[in-house]
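Comments concern the structure below.
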Amino acid sequence: MMHRAIVDRLQSQVMQPLKTRFVGREEVVDLIALALVAGEHLFLYGPPGTAKSALIRAFAQAVGGSYFEYLLTRFSEPNEIFGPIDLVRLRDGIVATVTQGMLPEAAFVFLDELFNANSAILNNLLTVLNERTYRRGAEQHRLPLLSLFSASNHLPEDDALNALFDRFLLRHRVEPLTRDAMPQLLMAGWELEQTKGLPAIAEPQPIESPVTVDDLRQLGQTMLRVELAPIRDSLADAIFKVRDLGVAISDRRAVKILKLVAASAVLAGRMQANPSDFWVLRYVWDRESQVAPLRSLVLEMLRQHAAQSPHEAAHPMATIPERITSEQLAQELSSLEQQLNAGKPTLTLLARLREQTTRLADRAAWLTDPAARQVVTQRMTRLLERLGT
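Be aware that the sequence shown starts at 1, since it is given in the UniProt record's numbering, and climbs by one per residue.
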């Protein structure tokens with residue numbers, strides 16, 4: 001089938017090169033592809049300097065997609081995002097927007113520090129996210145938007161911002177790279193700097209994209225034809241388990257999760273969903289404290305399905321990671337506790353220890369023994385309390 005050829009090119013000629021180039025960001029690459037095929041939006045939570053905007057920009061360039069990026073502040077105005085009034089036409093009494101190079105003409109949009117936006121921008125963005133339209137007076141634009149990506153180093157705290165956050169079906173916490181990944185990051189970064197530093201000898205020639213925006217739209221249409229009946233009951237059960245963790249999944253969001261499951265099946269080369277596609281539930285959290293428990297819950301679902309159907313084609317993100325032992329995590333926890341106990345810690349040390357403990361909590365979610373997982377998790381919780389979280 002044609003869609004499988006597109007998926008093969010997407011994975012081998014777009015996604016894999018990006019995973020090689022952006023060290024330690026394989027998960028983000030997979031989530032970008034999932035969002036694009038599902039026609040949903042992705043929120044990236046984490047500190048600056050973790051390659052969020054660069055990765056989305058590179059993905060857009062790889063498929064030849066029009067791209068718009070903007071860093072929002074509380075002083076940003078709608079004109080800076082949607083385009084200014086056309087003054088020439090205004091003289092004739094016509095209110096029109098100059099949208100060239102602005103959000104209304106982009107297939108890929110990245111808005112950094114999303115929650116700095118003021119109410120005027122927020123109201124317009126809700127329409128963009130919900131309906132893919134932009135209105136100004138009697139003027140209305142249908143947008144070519146595939147997905148809108150956003151990032152922030154904090155989560156929303158008021159109702160207006162939560163309404164916007166709710167439109168991002170996918171949420172992912174992006175952490176700085178670990179010590180083990182740093183050497184590879186340095187080499188990949190140096191190669192990139194060398195490339196940027198080369199003098200231009202001639203005008204760059206346009207490169208034909210292995211996958212186009214139209215191809216991505218075709219995958220989106222294919223996604224809508226995926227057979228979902230076999231997983232209807234099991235997904236309903238999974239959604240209620242996620243709700244039991246305190247994650248607010250409205251009925252509307254529950255229906256939209258079907259699109260993520262179907263998109264996962266398409267990216268795995270299938271036209272029928274199976275429970276291995278439930279890996280997408282890891283990314284529907286509301287609060288940071290839900291990330292580790294949700295990961296643990298979803299892993300258990302994936303384990304059960306893998307044991308029952310070991311030969312079914314699964315999305316790479318549904319693959320169970322290498323074995324993690326409670327002994328390894330306990331040793332690493334002891335090291336962190338020793339650093340905390342070795343005198344009066346500085347603010348820098350406290351921040352670093354919090355970051356490392358949070359990473360361990362993510363890994364603890366993959367422990368197979370529930371009792372060991374509970375012991376390690378409780379120990380981590382106590383350490384985080386001492387660190388002031």
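Positions of the beta carbon are idealized from the N, C-alpha and C atoms, including for glycine.
For residue 248, same chain residues with a beta-carbon under 6 Å away, outside a window of 5 residues either side, are 286 in chain order.
According to DSSP, residue 140 shares a beta bridge with 135. By alpha-carbon distance to residue 282, the top candidate from 300, 133, 266 is 300.
Beta-bridge partners assigned by DSSP to residue 172: 44. For residue 74 against residue 116, the beta-carbon gap comes to about 5 Å, under 8 Å, which counts as contact. Contact fails between the stretch 267–274 and the stretch 140–150, because fewer than three Cβ pairs, one in each stretch, are under 8 Å apart. If you draw a straight line from the Cα of residue 151 to the Cα of residue 114, it comes to about 6 Å. Beta-bridge pairing by DSSP links residue 27 to no other residue. In this structure, residue 257 keeps its C-beta atom at 8 Å or more from the C-beta atom of residue 226.
Per DSSP, residue 110 is one residue of the beta strand (DSSP E) stretching across 108–112. Residue 153 and residue 53 have their C-alpha atoms roughly 13 Å apart. Taken in chain order, the whole alpha helix (DSSP H) runs of length 4 or more contained in the stretch 40–98 are 52–62, 78–82, 87–90.
Residue 297 and residue 374 have their C-alpha atoms spaced approximately 13 Å apart. Beta-bridge pairing by DSSP links residue 148 to 109. For the 8 Å CB-CB criterion, residue 164 and residue 126 form a contact.
Its chain contains 4, 7, 313 as the residues whose beta carbon lies nearer than 7 Å to that of residue 269, once the 5 sequence neighbours on both sides are disregarded; these appear in chain order. Residue 227 is bridged by DSSP to 272. For residue 316, there is no enclosing alpha helix (DSSP H), since its DSSP letter is neither H nor E. Contiguous alpha helix (DSSP H) elements confined to the stretch 228–310 occur at 232–244, 251–267, 291–308, taking only those with 4 or more residues. Take residue 238, set aside five residues on each side of it, and the residues of its chain with a beta-carbon closer than 7 Å to its own are 278, 281, 301, in chain order. Taken through DSSP and simplified to helix, strand or coil, residue 153 comes out as coil.
Cβ-Cβ distances below 8 Å link residue 130 to 167 in the same chain, with the five nearest sequence neighbours on each side left out; the list follows chain order. Pairwise C-beta distances place the stretch 34–41 in contact with the stretch 219–235, as three or more of them are shorter than 8 Å.
Setting aside the 5 residues that flank it on each side, residue 318 is surrounded in the same chain by 276, 279, 302, each with a C-beta closer than 6 Å to its C-beta; the list follows chain order. Nearest C-alpha to residue 388 among 329, 364, 371, 349: 349. Closest in alpha carbon position to residue 341, among 30, 383, 253, is 383. Taking 8 Å as the cut-off, the beta carbon of residue 177 is found closer than this to the beta carbon of residue 23.
Taking every protein chain shown into account, the CB of residue 30 has 16 or more other CB atoms within 10 angstroms, so this residue is buried. Each of 96, 95, 104 was checked against the Cα of residue 69, and the nearest Cα belongs to 104. Looking only at 361, 122, 18, 371, the smallest Cα-Cα distance to residue 158 is reached by 122.
Residue 66 and residue 371 have their alpha carbons spaced roughly 50 Å apart. The Cβ-Cβ distance between residue 188 and residue 21 falls below 8 Å. Annotated three-state conformation of residue 191 is helix, per DSSP. By the neighbour-count criterion, in which 16 or more other beta carbons inside 10 Å mark a residue as buried, residue 251 falls on the exposed side.
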